[in-house]
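There are 4 protein chains.
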Amino acid sequence: MNKPTKIGVLTSGGDSPGMNAAIRAVVRTGLHYGLEVFGIHRGYAGMVEDDIEPMNSRSVANIIQRGGTILKTARCKEFMTPEGRKIAYDNLRKHGIDGLVIIGGDGSFRGAQIFSNEYDIPCIGIPGTIDKDMAGTDFTIGFDTAVNTAVRAIDKIRDTADAHDRLFIVEVMGRDAGYIALHSGIATGAEHILIPETKTNVEEIIAGLTEKEKRRKLVNLIVVAEGDDTGGGDEVGKMVKERLPNADVRVCILGHIQRGGSPTCLDRLIASRMGYHAVECLMEGKHNVMVGIVNNRMHYLPLDNAVKAKERFNKEWLRIVKILAS
Amino acid sequence: MNKPTKIGVLTSGGDSPGMNAAIRAVVRTGLHYGLEVFGIHRGYAGMVEDDIEPMNSRSVANIIQRGGTILKTARCKEFMTPEGRKIAYDNLRKHGIDGLVIIGGDGSFRGAQIFSNEYDIPCIGIPGTIDKDMAGTDFTIGFDTAVNTAVRAIDKIRDTADAHDRLFIVEVMGRDAGYIALHSGIATGAEHILIPETKTNVEEIIAGLTEKEKRRKLVNLIVVAEGDDTGGGDEVGKMVKERLPNADVRVCILGHIQRGGSPTCLDRLIASRMGYHAVECLMEGKHNVMVGIVNNRMHYLPLDNAVKAKERFNKEWLRIVKILAS
Amino acid sequence: MNKPTKIGVLTSGGDSPGMNAAIRAVVRTGLHYGLEVFGIHRGYAGMVEDDIEPMNSRSVANIIQRGGTILKTARCKEFMTPEGRKIAYDNLRKHGIDGLVIIGGDGSFRGAQIFSNEYDIPCIGIPGTIDKDMAGTDFTIGFDTAVNTAVRAIDKIRDTADAHDRLFIVEVMGRDAGYIALHSGIATGAEHILIPETKTNVEEIIAGLTEKEKRRKLVNLIVVAEGDDTGGGDEVGKMVKERLPNADVRVCILGHIQRGGSPTCLDRLIASRMGYHAVECLMEGKHNVMVGIVNNRMHYLPLDNAVKAKERFNKEWLRIVKILAS
Amino acid sequence: MNKPTKIGVLTSGGDSPGMNAAIRAVVRTGLHYGLEVFGIHRGYAGMVEDDIEPMNSRSVANIIQRGGTILKTARCKEFMTPEGRKIAYDNLRKHGIDGLVIIGGDGSFRGAQIFSNEYDIPCIGIPGTIDKDMAGTDFTIGFDTAVNTAVRAIDKIRDTADAHDRLFIVEVMGRDAGYIALHSGIATGAEHILIPETKTNVEEIIAGLTEKEKRRKLVNLIVVAEGDDTGGGDEVGKMVKERLPNADVRVCILGHIQRGGSPTCLDRLIASRMGYHAVECLMEGKHNVMVGIVNNRMHYLPLDNAVKAKERFNKEWLRIVKILAS
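Chains as they are written, first to last, in full-length UniProt numbering: chain Z, 1 to 326; chain G, 1 to 326; chain Y, 1 to 326; chain C, 1 to 326.
Next up, the structure:
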């Protein structure tokens, strides 16, 4: 396998804080190795629509600390069709691009895999998603920032919950995975944490709230992942109000604030490291792998296997939640 | 009128960041003048239920930077009845309390006014509300913090809006007043700011969005006060989606995060100053006034007049919004 | 006097957070009035070196929330000479620029005044300085952000001061003015605030510390303006250690973190408003005034008078410091 | 080995953010197991001076988010003597305390080890230090918060560095270890990172700066650990000014702000987990181990070995610094 001479980098799927740090690392490592580096705008849409521009070292100056992605991201239906991918390939060839780095989630990697099976362009994936639920890596870019944003927001909510002796139900992001809920819930002392990975027992929650009210432990906080089987924060709010009509209950949906903001140190670090190694992979002739970090070491997973991971759930943590919130 | 010798301080109504700084100032200024100072818990409820404790200088150590209120706040139906206020008065007399400082909003001041008409205990009000809409003062404790919290949250939302070229509709607090919406909207470059003080013209907004889409100005941000005549963020979202079915529209309700958090410098300063002057007022024999700040000077308004102010709206600002967001 | 048709905008002197919001307002208001707007880089140096570029609405997109200044700032010796100013004028004429907006402090305004006396180009000043000490305005762009940065930093220092029962001496910015020290000191509950406007009495401080040690009030915080007559934080630290050799004393110099960071809501608002009005001034044929805000209204001061203000000092505040920190 | 029935918890050495979360976890886990839990104030000093109080669930309510340590910390010379430790032991026995949890660094663990060799009280260590340089654990409580505080501060400094095209030399904490410098330097795009673990080559730095000045890469940032062999930030500043007299160089010493502040999500999580497991250890009859986390699993290290780790330095990271900052 030959080393590439011109590479493209794109961000795809939902944006996550730290993607800019990864772009910067890909661009500068590429330049370091004498490659030409192209920025592909709006994910695969930019490949199909030839929205592709050369990048230099200055293109990525002063972006390591910024949220969002300077390359933007978008969904692209055309790329899901063979015709669309053909156009995309022709555009890449036009620019001479012979290697790709895709920063995104499992959906983006599936697209890369299909594309790479059809056309001989090596694709390296970098896991960028706030949800953390990727196989083959302990970290995904954006999770640490998102969970800290959630924690800071819940801290503020606790101030007012405490002032009023209210029950707050806070919904955080996580359609398939409860990581943001679990981490932010433990870190803010939530009494209950409702996640998609476990069956939620509403009766138990109601019983817990009733018992606590008796003890006049008044501030109560329930953190719910949006993908919990109850249906999310609003649904949990309805159930609680129905069963405990005298309780002073409020629901907060944290929403999109969790996607933005300046990335944390950790997200910048792993993004820098993964970006660097993605280019190293291309230089070593690797193709169609995702760059992950497992036990602090780089780990390379075939893109085929880079899917959402339903992780074996750490029961110990749920036990800690119960004991510490009491 | 005699000077008081024992005073009580309470927080009432919705909590707002900076209330603790005001409590601290009342307690320490009271002690400075040789008064005994009592903390009344959970607003008027604490008066009715005799939830009243003496405070010393240490009671308020290390609280100036904390959100919420260490005295807690609550609604109190009993205090709305003559019987309830009689009990409250008896409790105050039991402790010898002959002066009150009430930190809260217009509803809390109405209660104080009625109480003070019935019983000879001077009441001084300190305006603590994130909504800012009080007559007789340029500042209310908590507004500056709340509006900065909103700005930081919208900044994060802009990151992801920008990455996706999406339209975001963000609802901020403000049931009767558009201050949080107006200030946070200008500060984040919102294209449209919808407030209760003006009639919202949905056609104009749709026209604006359509025109901007043509110019491919892609990031769009609409900030809506919860009390806007459209009905708030969710309603605006529905209207826009109906009229522009192809637009990628998201709604965020910022909610209770705006009530909490460590207060800004300004909120700590005005809270400290107002707390100090509230006690000065009591020492000077003033009664039933609200302590305000107008044009950087202390201003004393009879509690009767300390109502929500429908401010003469500054048209210039709306003009600036239009010009700067273009 | 004729209305200008092409205007230039520059930032000069020390940078301050919110300058970008002011640039944005000048550019967009200028475009709104059909003017051509040029960005002049690195202050007067850009005028002398013809580092001048046309700006459009996109040039200032997504900058309202950023610290620093996209136009950069620099000192310029050449502009202090008649020859340098002649070159600067010739460069402006070359571009057809017939109006200037200068965002900066009193030094920058003096330069503008001299230039404007020599050449017929109207100059409007916008006060941008974290020090706040300008005549003719209640607000300067950057002060609110700087003082909040100082407050957040001192809050962190208090955490560790409190854990160790240590005395911390914190130096904040302010060579000629004690505003940052005074505001941040009150907002963090400092026992002593040392500012250039008052003669510092070291004996009194030592006496206060000794007395407090006896009462075992253990956390102590002294906030010092860098321009205090003692010589600043390090000097105060030396004096205290000499006189109280057993005290556990630490000195922190906050330094340049106070100049950067995303501007607060207030700084973005006043910058937007001042930028808008600066262009309005040019359109109305005003020349050589500074745009200020006094008692919430726009105020126009001849640039000649836009000097550092030794403000009549508010004694009440120093009294509040003493009472509240006890 | 018997299970303890009454345990004491203390914080010792330099404070670090997250210690309160660890205290909370120890207390609540202890109560969960039916133990009595005592808080020992000011580290070993509280053992010697019998500054020991029983704690209940409420004692640790609402502290998970706070910086510093509610138990305070101090140095204690008496505990370094056999006589002092005898008094300490007698005090513990007086309260019936038969198990200890020590939250601190290597110095604190040495004390525990000696004490535990002399008296039969099992001691469990929890690594709390912002410096991260402990053997037997991937995480120490406080590091993640400290490094994020450093990153946020340097971000602000970059704003002003960028506005002025200045060289900033920023000193961060780390007397023996370069972790804070390395992580914060990579995360902020520093050109050079100077750490105790490597010999600093000043000539190389000067050469790099000179070369970059030629390319007009103007913003430059050097991050220096306080324990670097150059002597720290001020020393590096002097050297650079001497060799590059025309450069506009500023030095910032971040100092104690790095020790305080509300802990990050990660620090709260590991503190909660370690606190829980420290009590589990006591219940299982373990004694004289430090609770660590290695590769996401709990790891128990004899206190004897819980020393500062001169980690085998990850050369790859220094290589990444060079490539990414170019």
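We treat Cβ as the ideally placed atom computed from N, Cα and C, and that holds for glycine.
Taking 8 Å as the threshold (beta carbon to beta carbon), is G:VAL224 in contact with chain Y?
Counting from one through the second sequence, the residue named residue 224 of chain G turns up at place 224. So, not an interface residue.
Okay, do the region 122–137 of chain Y and the region 122–139 of chain G touch, 3+ Cβ pairs below 8 Å being the bar?
As far as the Cβ criterion goes, the region 122–137 of chain Y does not touch the region 122–139 of chain G, which means the pair count is below three.
Can you say whether Y:MET274 is buried or exposed, counting buried as having 16 or more other CB atoms within 10 angstroms of its CB?
Working through the third sequence from its first residue, we reach residue 274 of chain Y at position 274. It counts as buried.
Along chain C, which residues have their Cβ under 7 Å away from the Cβ of Z:VAL151?
Here residue 151 of chain Z corresponds to residue number 151 of the first sequence, with the count starting at 1. Here the neighbours are CYS265.
Counting only Cβ-Cβ distances shorter than 9 Å, please list the residues of the region 155–189 of chain Y near chain G, keeping chain order.
Those residues of the region 155–189 of chain Y that come within reach of chain G (Cβ to Cβ, closer than 9 Å) are ASP155, ARG158, ASP162, HIS183, SER184, ILE186, ALA187, THR188, GLY189.
Using the DSSP secondary-structure output, state which residues sit across from Y:THR11 in a beta bridge.
On the third sequence, residue 11 of chain Y is found 11 positions in, with the first residue counted as 1. Looking at the DSSP assignment, Y:THR11 forms a beta bridge with Y:ILE103.
Given Z:ASP138, which residues of its chain have a CB within under 6 Å of its CB, disregarding the five upstream and five downstream residues?
Here residue 138 of chain Z is taken as the residue at index 138 of the first sequence, counted from 1. Result list for Z:ASP138: ILE293, VAL294, in chain order.
Close Cβ partners of G:LYS3 (< 6 Å) along its chain, the five nearest in sequence each way excluded:
Along the second sequence, one-based indexing puts residue 3 of chain G at 3. Cβ within range, chain order: MET283.
Given this structure, state the Cα-to-Cα distance separating C:LEU209 from Y:GLY260, to the nearest angstrom.
As a working note, residue 209 of chain C is residue 209 in the fourth sequence. As a working note, residue 260 of chain Y is residue 260 in the third sequence. Cα to Cα, C:LEU209 sits roughly 23 Å from Y:GLY260.
Hey, how far is the Cα of C:GLY67 from the Cα of Z:ASP248?
Along the fourth sequence, read from residue 1 onward, the residue named residue 67 of chain C stands at position 67. Along the first sequence, read from residue 1 onward, the residue named residue 248 of chain Z stands at position 248. Distance between C:GLY67 and Z:ASP248, taken at the CA atoms: about 30 Å.
G:GLU53 - DSSP class collapsed to helix/strand/coil:
For the purposes of this step, residue 53 of chain G is identified with residue 53 of the second sequence, where counting begins at 1. In this structure, G:GLU53 counts as strand in the three-state DSSP scheme.
Can you check which of these residues, Z:GLY174, Z:ASP133, Z:GLY185, is closest to residue 337 of chain Z by C-alpha distance?
Residue coverage of chain Z in this structure runs from 1 to 326, which leaves residue 337 of chain Z outside it and unanswerable.
Beta-carbon of Z:LYS241 versus every beta-carbon of chain G: anything under 8 Å?
Taking the first sequence and counting its residues from 1, one reaches residue 241 of chain Z at position 241. By this cut-off, Z:LYS241 is not an interface position.
Residue nearest to Y:ASN62 in terms of C-alpha spacing, selected from Y:THR129, Y:ASN220, Y:SER262:
Here the question's residue 62 of chain Y lines up with position 62 in the third sequence. Proximity to Y:ASN62 across Y:THR129, Y:ASN220, Y:SER262 peaks at Y:SER262, based on C-alpha coordinates.
Own chain residues within Cβ distance below 7 Å of G:TYR276, not counting five before or after:
Residue numbering aside, residue 276 of chain G sits at position 276 when the second sequence is read from its first letter. Apart from sequence neighbours up to five positions away, the residues of its chain that approach G:TYR276 with a beta-carbon distance below 7 Å are ALA25, THR29, ordered along the chain.
Given C:VAL289 as reference, the closest of C:ASN117, C:MET55, C:GLY13 once Cα atoms are compared:
Here residue 289 of chain C corresponds to residue number 289 of the fourth sequence, with the count starting at 1. It is C:ASN117 whose Cα lies nearest to the Cα of C:VAL289.
Rounded straight-line distance, which links the Cα of Z:ASP50 to that of Z:GLY8:
Walking along the first sequence from the start, residue 8 of chain Z turns up at place 8. Walking along the first sequence from the start, residue 50 of chain Z turns up at place 50. Answer to the nearest angstrom: the Cα atoms are 12 Å apart.
Taking G:ARG297 as part of the alpha helix (DSSP H), name the residues at either end of that continuous run.
By one-based count along the second sequence, residue 297 of chain G stands at place 297. DSSP places G:ARG297 in no alpha helix (DSSP H) but in the uninterrupted beta strand (DSSP E) bounded by 297–302.
C-alpha distance - Y:GLY255 paired with Y:ALA177, whole-angstrom precision:
For this step, residue 255 of chain Y is matched to residue 255 along the third sequence. For this step, residue 177 of chain Y is matched to residue 177 along the third sequence. Cα to Cα, the separation comes out at about 15 Å.
Assuming Z:PHE143 is part of the alpha helix (DSSP H), what are its boundary residues?
As a first step, residue 143 of chain Z must be located in the first sequence, where it is residue number 143. Per DSSP, Z:PHE143 is one residue of the alpha helix (DSSP H) stretching across 143–164.
Could you pull the start and end residues of the beta strand (DSSP E) that C:VAL291 belongs to?
Translated into the one-based positions of the fourth sequence, residue 291 of chain C becomes position 291. Residues 289–294.
Do Y:ASN246 and the ligand SAM come close, with the Cβ less than 7 Å from some heavy atom?
The ligand SAM is absent from the structure shown, which contains no ligands of any kind.
Residues of its chain near Y:GLY286, where Cβ-Cβ distance is below 8 Å and the 5 sequence neighbours each way are ignored:
Taking the third sequence and counting its residues from 1, the one referred to as residue 286 of chain Y is at position 286. Before going further, note that residue 286 of chain Y is Lys rather than Gly in the sequence given. Only PRO122, ILE124, TYR300 meet the Cβ criterion.
Just to check my reading of the structure: Z:GLY128 and Z:ALA22 have Cβ atoms closer than 8 Å, yes? What is that Cβ distance to the nearest angstrom?
Here residue 128 of chain Z refers to the residue found at position 128 when the first sequence is read from its first residue. Here residue 22 of chain Z refers to the residue found at position 22 when the first sequence is read from its first residue. Between Z:ALA22 and Z:GLY128 the Cβ distance is about 7 Å, and since that is below 8 Å, they are a contact.
Is the region 80–93 of chain Y in contact with the region 33–52 of chain Y, if contact means three or more CB pairs nearer than 8 Å?
In this structure the region 80–93 of chain Y touches the region 33–52 of chain Y; the number of beta carbon pairs closer than 8 Å is three or more.
Does the region 143–155 of chain Z come close enough to the region 304–323 of chain Z that 3 or more CB-CB pairs lie under 8 Å?
Too few Cβ pairs lie closer than 8 Å, so no.
Among the candidates C:TYR33, C:ARG250, C:LEU100, C:VAL147, whose CA atom is the shortest distance from the CA of C:THR188?
On the fourth sequence, position 188 is the one that residue 188 of chain C refers to. For C:THR188, the nearest C-alpha among the options comes from C:VAL147.
Using a cut-off of 8 Å between C-beta atoms, extract the partners of Z:ALA74 located in chain G.
As a first step, residue 74 of chain Z is located in the first sequence; it is residue number 74 there, counting from the start. Simply HIS164, ASP165.
So what does DSSP say about G:LEU324, is it helix, strand or coil?
The residue labelled residue 324 of chain G in the question sits at position 324 within the second sequence. Note: G:LEU324 maps to helix in three-state DSSP.
C-alpha distance - Z:SER326 paired with G:PHE79, whole-angstrom precision:
Here residue 326 of chain Z is taken as the residue at index 326 of the first sequence, counted from 1. Here residue 79 of chain G is taken as the residue at index 79 of the second sequence, counted from 1. When rounded, the separation of the alpha-carbon atoms in Z:SER326 and G:PHE79 is 34 Å.
Taking 8 Å as the cut-off, decide whether the C-beta atoms of G:ALA181 and G:ALA135 are in contact.
Residue numbering aside, residue 181 of chain G sits at position 181 when the second sequence is read from its first letter. Residue numbering aside, residue 135 of chain G sits at position 135 when the second sequence is read from its first letter. Not a contact, by the Cβ cut-off of 8 Å.
Environment of Z:ARG152 [buried if 16+ CB atoms lie within 10 Å]
In the first sequence, the residue the question calls residue 152 of chain Z occupies position 152. Label assigned to Z:ARG152: buried.
Got a sec? Which residues, its chain only, sit under 6 Å from Y:ILE222 by beta carbon, not counting five neighbours each side?
Along the third sequence, read from residue 1 onward, the residue named residue 222 of chain Y stands at position 222. Closer than 6 Å at Cβ, skipping near neighbours: ILE169, HIS192.
Let's see if you can read the secondary structure: which residues bound the beta strand (DSSP E) around Y:ASN220?
Here the question's residue 220 of chain Y lines up with position 220 in the third sequence. Where Y:ASN220 is concerned, the enclosing beta strand (DSSP E) stretches over 220–225.
is_contact[G:GLN65, chain Y] using C-beta, thresh 8 Å
The sequence position of residue 65 of chain G within the second sequence is 65, counting from 1. For G:GLN65, at least one C-beta of chain Y is nearer than 8 Å to its own C-beta.
Identity of the residue in Z:VAL172, Z:HIS32, Z:LEU266 nearest Z:ASN236 by Cα
Taking the first sequence and counting its residues from 1, the one referred to as residue 236 of chain Z is at position 236. Looking at the sequence itself, residue 236 of chain Z is Val, so the reference to Asn does not match. Sorting Z:VAL172, Z:HIS32, Z:LEU266 by C-alpha distance to the C-alpha of Z:VAL236 places Z:VAL172 at the top.
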